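Note that our numbering has the sequence shown beginning at 1267, numbered continuously upward. We put the CB at the ideal spot given by N, CA and C, even for glycine. What you are looking at is a predicted structure, and each value in this text was computed from that prediction instead of being measured. See structure below.
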Amino acid sequence: MIRALMLLRRRVVGSVFVLLIVVIGTFVLLEAAPGDAVDAYIVSTGGDAGMIELLRHRWGLDQSELTRLANYLWALLHLDLGQSVTFARPIRDVILERLPNTLLLMVSATALSFGLGSALGIYAGARPGSARDRFLSIGSLALYAVPGFWLGLVLIVIFAVDLRWLPIGGIETLASDKTGVDRAADIATHLILPVAALGFIYLALYLRMMRAGMAEAWRQDFVLAARARGLSRRRLVLAHVARNALLPLITMLGLQSAQMLGGSVVIESVFSVPGLGRLAQEAVASRDTPLLLGIILTSAVLVVVINLLVDIAYAFLDPRVGAGEAGA
1267 MIRALMLLRR
1277 RVVGSVFVLL
1287 IVVIGTFVLL
1297 EAAPGDAVDA
1307 YIVSTGGDAG
1317 MIELLRHRWG
1327 LDQSELTRLA
1337 NYLWALLHLD
1347 LGQSVTFARP
1357 IRDVILERLP
1367 NTLLLMVSAT
1377 ALSFGLGSAL
1387 GIYAGARPGS
1397 ARDRFLSIGS
1407 LALYAVPGFW
1417 LGLVLIVIFA
1427 VDLRWLPIGG
1437 IETLASDKTG
1447 VDRAADIATH
1457 LILPVAALGF
1467 IYLALYLRMM
1477 RAGMAEAWRQ
1487 DFVLAARARG
1497 LSRRRLVLAH
1507 VARNALLPLI
1517 TMLGLQSAQM
1527 LGGSVVIESV
1537 FSVPGLGRLA
1547 QEAVASRDTP
1557 LLLGIILTSA
1567 VLVVVINLLV
1577 DIAYAFLDPR
1587 VGAGEAGA
């Protein structure tokens, strides 16, 4: 327990510096991009030089980059993400409205890809070189090569347009007035296609990693010793081979969280899911730099928290990791 707490402390301290680098780096890159919120506003609504000067002063764009960065960092210390130029509301409120939809999509897709991918990997790796092993390996490679947006469009055409089994997009039926279990079922129905489009790509990755890990574990001495003791193949696969092959997948779960979040941006656009992905798209279109900064910072916090939880879980599953980190 003490080692886990020491590992947690080290990870939290390191995460603070990571988030600081993300904020500063993102701010500098966005400031280097041409155009700002005033330019986008004037293009869409029109205005004269007086209005441009007034808007730049109101939104603080007439200050130097260093001053704006210092003001932004000071506001972050007070958990203030600023005001959105597009929505004329606090950025924290706008993000909190969209964040649950993105989390729901990510968690569901992760559960699908990790759970089903691990199970299929165990099924394929239980008998290396068999027909099912070759079939699943080739199928997973083909699935991993498919772009997520293309898979999403194919699923929409088949299941939403042709068969009309599932809704085309959105997170729930508009103006349905559903509550409780009925609303939960409606949301689940809307999530089937986007979760499948996002999860199937990473399912192939987990399948191949589990299969490769099991193929390696079959050659280990402890597996040969267990086979010599006369253990059944089922117990040998589940209790020894698959258990040891699962550890690298847990590490990959944290590493893939950033890619999963990035993939959700595309999937949200394809299926019109009102999450952080679509919000980022709107922020870019309107040159809303404070909102985009808030979205990127929120995404970075999510990735850091997920990796922190994965590190802690790995330390509990393999005490050698926790001991090594604590002693460093």
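Quiz item: Among the residues of its own chain, which have a CB less than 6 Å from the CB of Leu-1407, if the five just before and after it don't count?
Solution: If the five residues before and after Leu-1407 are omitted, its C-beta is found closer than 6 Å to no C-beta atom of its own chain.
Quiz prompt | C-alpha distance - Gly-1541 paired with Leu-1527, whole-angstrom precision | solution = The straight-line gap from Cα to Cα measures roughly 11 Å.
Exercise. Evaluate contact between the stretch 1489-1503 and the stretch 1378-1385, counting only Cβ atoms and requiring at least three cross-stretch pairs below 8 Å.
Key: Pairwise C-beta distances place the stretch 1489-1503 out of contact with the stretch 1378-1385, as fewer than three of them are shorter than 8 Å.
Exercise. Determine the direct distance from the alpha carbon of Leu-1402 to that of Leu-1558, and round the result to whole angstroms.
Key: Using only the alpha carbons, I get a separation of about 40 Å.
Quiz prompt | Thr-1564 vs Leu-1365 beta-carbon contact at 8 Å | solution = Yes. Within cutoff.
Exercise. Look up Ser-1281 in the DSSP assignment and say whether it is helix, strand or coil.
Key: In the three-state reduction of the DSSP assignment, Ser-1281 falls in the helix class.
Exercise. State the CB to CB distance for the pair Arg-1425 and Leu-1371, rounded to an integer number of angstroms; the pair is presumed to be in contact (CB under 8 Å).
Key: Note on residue identity: the sequence assigns Phe, not Arg, to residue 1425. Your pair Phe-1425 and Leu-1371 does not check out as a contact, with CB atoms roughly 17 Å apart and the cut at 8 Å.
Quiz item: Which residues share a DSSP beta bridge with Gln-1349?
Solution: DSSP output for Gln-1349 lists Pro-1356 as bridge partner(s).
Self-check item: Separation of Leu-1440 from Gly-1479, as counted between CA atoms
Solution: Approximately 46 Å between the Cα atoms of the pair.
Quiz prompt | Contacting residues, own chain, Cβ-Cβ under 8 Å from Gln-1547 (five flanking each side not counted) | solution = Closer than 8 Å at Cβ, skipping near neighbours: Val-1531 and Ser-1535.
Quiz item: What are the boundary residues of the alpha helix (DSSP H) that Thr-1333 is part of?
Solution: Run containing Thr-1333: 1331-1343, per the alpha helix (DSSP H) assignment.
Practice problem: Determine, using beta carbons only, whether Ile-1533 and Ala-1463 come nearer to each other than 8 Å. | Solution: Taking 8 Å as the Cβ cut-off, Ile-1533 and Ala-1463 qualify as a contacting pair.
Quiz item: Which two residues bound the contiguous alpha helix (DSSP H) that contains Val-1536?
Solution: Counted as a single uninterrupted DSSP element, the alpha helix (DSSP H) harbouring Val-1536 occupies residues 1508-1537.
Quiz item: Do you know how far the Cα of Arg-1276 is from the Cα of Gly-1593?
Solution: A caution first: Gly-1593 carries a pLDDT of 47, below 50, which makes its placement in the model unreliable, though a value can still be read off. Taking C-alpha positions only, Gly-1593 is separated from Arg-1276 by approximately 11 Å.
Quiz item: Exposed or buried, which one is Val-1420 when buried takes at least 16 other CB atoms within 10 Å?
Solution: So Val-1420 counts as exposed.
Self-check item: Per-residue DSSP class, three states only, for Gly-1593
Solution: Here the model assigns Gly-1593 a pLDDT of 47, short of 50, so the residue's position is not dependable, and the following value carries that caveat. Look at Gly-1593 here: in three-state DSSP terms it is helix.
Practice problem: Alpha carbon to alpha carbon, how far is Ser-1330 from Ala-1623? Give it in angstroms, no decimals. | Solution: Residue 1623 is absent from the model: the chain starts at 1267 and stops at 1594.
Practice problem: Could you pull the start and end residues of the alpha helix (DSSP H) that Ile-1458 belongs to? | Solution: Counting along the chain, the alpha helix (DSSP H) containing Ile-1458 begins and ends at 1446-1483.
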